[in-house]
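Written out below as structure tokens is the structure these notes cover.
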Amino acid sequence: GSSVSSVDTGAMSRELELSAIQRANPEMQKRVFNVIREISESASNPIKMIHDHGAGGHINCLTELLEDTGGEIFYDKLPLGDLTLAPYEVLSNESQERMGLIVSEQDIGILQEIAIREGAPLYIVGKVTNSEKIVVSSEKINSPFDLPVSVLLGSSPETIINGKTKSYSHLITEKIAAQNADHKIIKNASDFKAKLKDLMQLESISCKDWLTNKVDRSVTGLVAMQQCTGPLQLPLNDAGIMALDFNGEKGIAVSIGHASIPALLDPKLGSQLSITEALTNIVFCPLEKGLSGIILSANWMWPGKQEGQDEKLYTAVEEVSNFAQSIGIPIPTGKDSLSMTMNYQDGHSVKAPGTVVISASGEVSNVTKAVTSEFKNIEGSFAVYISFTSSEKFQLGGSALLQSQGDIIGEILDPIDAKTFKEAFNFVQNAINKDLVLAGHDISSGGLITTLLEMCFVGDIGAILNLRSFPDADALFSEKPGVVLQITKSNLETLKNLANEEIPDIDFRVIGEVGGKNIRVITESFDESLSLNEYRELWLKKSYLFDLKQVPEVHAKERNNSLQVKPLKYNIDSQFDWSGKTYGANLKGASVKNSKLQAAIIREKGTNGDRELAMALYAAGFNVSDYTMNEILSKNISFSKYNLIAYPGGFSNSDALGAGRGWAAAWKFNSNANKSLLDFYARPDTLSIGVCNGCQMMTGLGLIDLENPDGIYMSHNESGKFESGFTTVTIEESNSIFLKELTGSTLGVWVAHGEGKFNLDPKKSKFEISATYSIDSYPRNPNGSDLKAAGISSIDGRHLAIMPHLERSFLTWQWPYKANTIPTTGYTPWIRAFTSARDWLVDRLENS
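Written out as structure tokens, the structure is:
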């Protein structure tokens, strides 16, 4: 089917196009991933070769695995759900949740054992033959396949495309010629404010909260930086970072860049700006090898085969290659989507602008030193502008300002000088590595003024911006590559001296002071104050309008209203030991009095939060074992040796039967598993904790009140959608073994769930509310739970069912907002939930 994705929409029949849609199965992908991960982490990795199923399906994947040797493919062994498919359809269909492996025959048993444990279907579908042929053998089909590898994987024939040039340069020349020498778009203060209001509502500029709040931005617990930041948790960060593990400091940073509108006027400039934006985004991550350690990927989104477009594509591709080489970084991979045209039955068509989307990635030396984008509320700090080009001009052709006014044609930016760009990039990297930078944000769509306003909006703080040194107000909207840094007063002289040494010829200016509640803009022609809330509300408006399409109107309004007025606020014991020493937390394995303390992680198909929960328990001093439900249901596992059971988050059984309910049914309807679990709960010296999907399973199985479970029920979030965000919960007074040490605290925590609403009836069930959402309104209370409940515990305090992901929030670098008071390294108070459980169990074991 997906060969249709490379032709114009509307070029083929509607039925064929609809049948070409690829439907992903993320749970199956996770099962396959678990098998590959477990195999690859073993002492002896039996995988000789591995290749994913993508374009071309089985025949492509398996042929490429056998490219060097040849081999036989057993057609009759290929999994087949639809018996009506023709052989060529079976061999070439592009279902995505499959991996092809080559392993030695003696290792098949190991692979099968792990696949069964993880619930990942495994099929032996061929063998290596060293024949230099690919043979498809079958007893069912009449036309077996027998071809030399060289025929199947030989060089593709050369393609020659004859394209026509279609340039807009004459339009630019004519427009500039028609203008007066002193032509200005921004003529006065009122003009500046009016056009700024229009700009804030342009889709490319406006807030993307509607998009980021519905995807899991904390999964794995290794997310060191994601889109949202600041006290309001709005999306602004320029890059994302995944830590490589819980113990270390290293990570992988990713960023993207694109410049579709400038590319309409000049494909070369579009290619340069796509690369520079990706790089000015990733520059705020301390890179292990600096600029030389970055790798790029190019995704070509182009309306191919349309008049003038093939020539533009060729020009753009050539410039991406040339510019990347001039900077000194490789582009080893990429892809194309050349069907960016929609044809209608009446004969007209709509083309998307030709765009190259550049992805940049690189190793991070220390995830805790990454710089976020919002201005920090630090007294006596300054905004600094640094240009990444040698040009002194501030052109507006292809800019968001012109687009917001219904036009894009104008004088375009000068070509980017690679030498200047590299010097500026390295300077910012050095400043970050020397801990001189409080905040940083790139200049791209919308220009310098947009960058400054966004930093104020998300930081919830104003600034006095002295921009007299720029030629005019128009220059503030130019999208010339550069960055804005926030620097403390004490570090400003150090930064200036560093700039004099490293970038003496690059445009470096101190342009303002951060502070206050409004934004003052001073230029040569006007001095105006802008209301922070007024302009931020305009910036949020498009997000609100999109939100109306995905949640009930009452929730969209409540979210839009609360985002500006309900910042995150914490209440943490001033004596709390962030190092973890006083309560024995250690990610390398805590020292505990009783080395036999045992915790069991139990996970179901679709679980994705097991490792972070295991690490929190391990850091608290538990010996942690890992069980899948497949093992438990098939092997009659006993939990007699375990002191604590932990149920992680995820999407068990794809939530097909409701979140956690399929998992609960697996226990309930297997007599051996059910007895083993109830025996564990009958012991008075055991604890259990369920997080997110584990919480849903615990309530579905009635584990908080086994005798009267009917008064506890979980349902869909009132917003009707999956909610992801960083919010605050308050720990209430209760008997909870896990949480009572934190009573009275208000802590930041991640949430990521679709069915998190607690429906509670204390007349039917006995329970205690041990944690509540600190703010009752949406989205800080993401699900509308009764009594603001975020977590409930059994009356005796031994068993805790909690929706927020405390296990993704127990290290300080996992918190995306630290309020200037929380260190970048160490443990958050959430670690006390696990060390308190440890202490209670140790006490029971010593006195038993």
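Start counting the sequence shown at 408; every next residue gets the next number (this note's numbering). We put the beta carbon where it would ideally sit given N, CA and C, even for glycine. Since the model is a prediction, treat every value here as computed from it, not as a measurement.
- Taking 8 Å as the upper bound for CB-CB distance, residue 994 and residue 1029 are not in contact here, some 13 Å apart.
- For the pair of segments examined, the region 880-893 was found to touch the region 790-803: the number of CB pairs separated by less than 8 Å reaches three.
- Unbroken alpha helix (DSSP H) runs of no fewer than 4 residues, entirely contained in the region 1093-1131, are found at 1100-1108, following chain order.
- Comparing alpha-carbon positions, the option among 690, 696 and 765 lying closest to residue 703 turns out to be 765.
- Spanning the alpha carbons of residue 1032 and residue 1078 requires a straight line of approximately 23 Å.
- Distance check between residue 838 and each of 978, 913, 690 and 943 places 690 closest, using alpha-carbon atoms only.
- In this structure, residue 742 sits near residue 706, with a CB-CB distance shorter than 8 Å.
- The DSSP assignment places 925-929 and 934-938 as complete runs of the beta strand (DSSP E) inside the region 921-961, in order along the chain (cut-off: 3 residues).
- Just measuring C-alpha positions, the residue of 639, 456 and 596 sitting nearest residue 937 is 596.
- The DSSP assignment places no complete alpha helix (DSSP H) segment of no fewer than 4 residues inside the region 1152-1192.
- DSSP, read as helix, strand or coil, puts residue 599 in helix.
- Residue 1027 sits close to residue 1241, with the two beta carbons spaced by under 8 Å.
- Annotated as proximal: residue 1129 and residue 621, with beta-carbon spacing under 8 Å.
- In terms of Cα proximity to residue 1094, the closest of 578, 734, 1204 and 499 is 1204.
- Counting only the Cα atoms, residue 607 lies some 8 Å from residue 857.
- Residue environment analysis places residue 1190 among the buried positions, since at least 16 neighbouring C-beta atoms fall within 10 angstroms of its C-beta.
- DSSP, read as helix, strand or coil, puts residue 677 in helix.
- For residue 1222, the three-state secondary structure derived from DSSP is coil.
- Comparing C-alpha distances from residue 549 to each of 1192, 482 and 563 shows the shortest one belongs to 482.
- For residue 757, the enclosing beta strand (DSSP E) stretches over residues 756-758.
- Counting C-beta pairs with one atom in each stretch, the region 808-826 and the region 866-873 have fewer than three that are closer than 8 Å, which means they do not touch.
- Listed in chain order, the beta strand (DSSP E) elements of length 3 or more contained wholly in the region 668-744 are 702-708 and 740-744.
- Cβ neighbours of residue 836 within its own chain (closer than 8 Å, five residues either side excluded): 690, 693, 694, 697 and 698.
- 8 Å or more divides the Cβ of residue 672 from the Cβ of residue 854.
- The Cβ neighbour count for residue 774, taken over all protein chains shown within 10 Å, is at least 16; the residue is labelled buried.
- Take residue 1115, set aside five residues on each side of it, and the residues of its chain with a beta-carbon closer than 7 Å to its own are 1171, 1172 and 1173, in chain order.
- Taking the Cβ atoms as the reference, residue 681 lies roughly 5 Å from residue 763, within the contact range of under 8 Å.
- The shortest C-alpha to C-alpha distance from residue 918 to any of 877, 1216, 767 and 905 is the one to 877.
- Collapsing the DSSP output to three states places residue 833 in a helix.
- Residue environment for residue 688: buried (at least 16 other C-beta atoms within 10 angstroms of its C-beta).
- Listed in chain order, the non-local C-beta contacts of residue 437 below 7 Å within the same chain comprise 1013 and 1015, local neighbours out to five positions each way being set aside.
- 1057 is the residue among 1071, 1057 and 1124 whose C-alpha sits nearest the C-alpha of residue 1098.
- Shown here for residue 829: same chain residues with a beta carbon closer than 8 Å to its own, the five before and five after excluded, namely 698, 734 and 735 in chain order.
- The distance from the Cβ of residue 551 to that of residue 511 is about 26 Å, inconsistent with a contact at the 8 Å cut-off.
- In this model, residue 956 and residue 950 are separated by some 10 Å (Cα to Cα).
- Note that the C-beta distance between residue 477 and residue 541 is below 8 Å.
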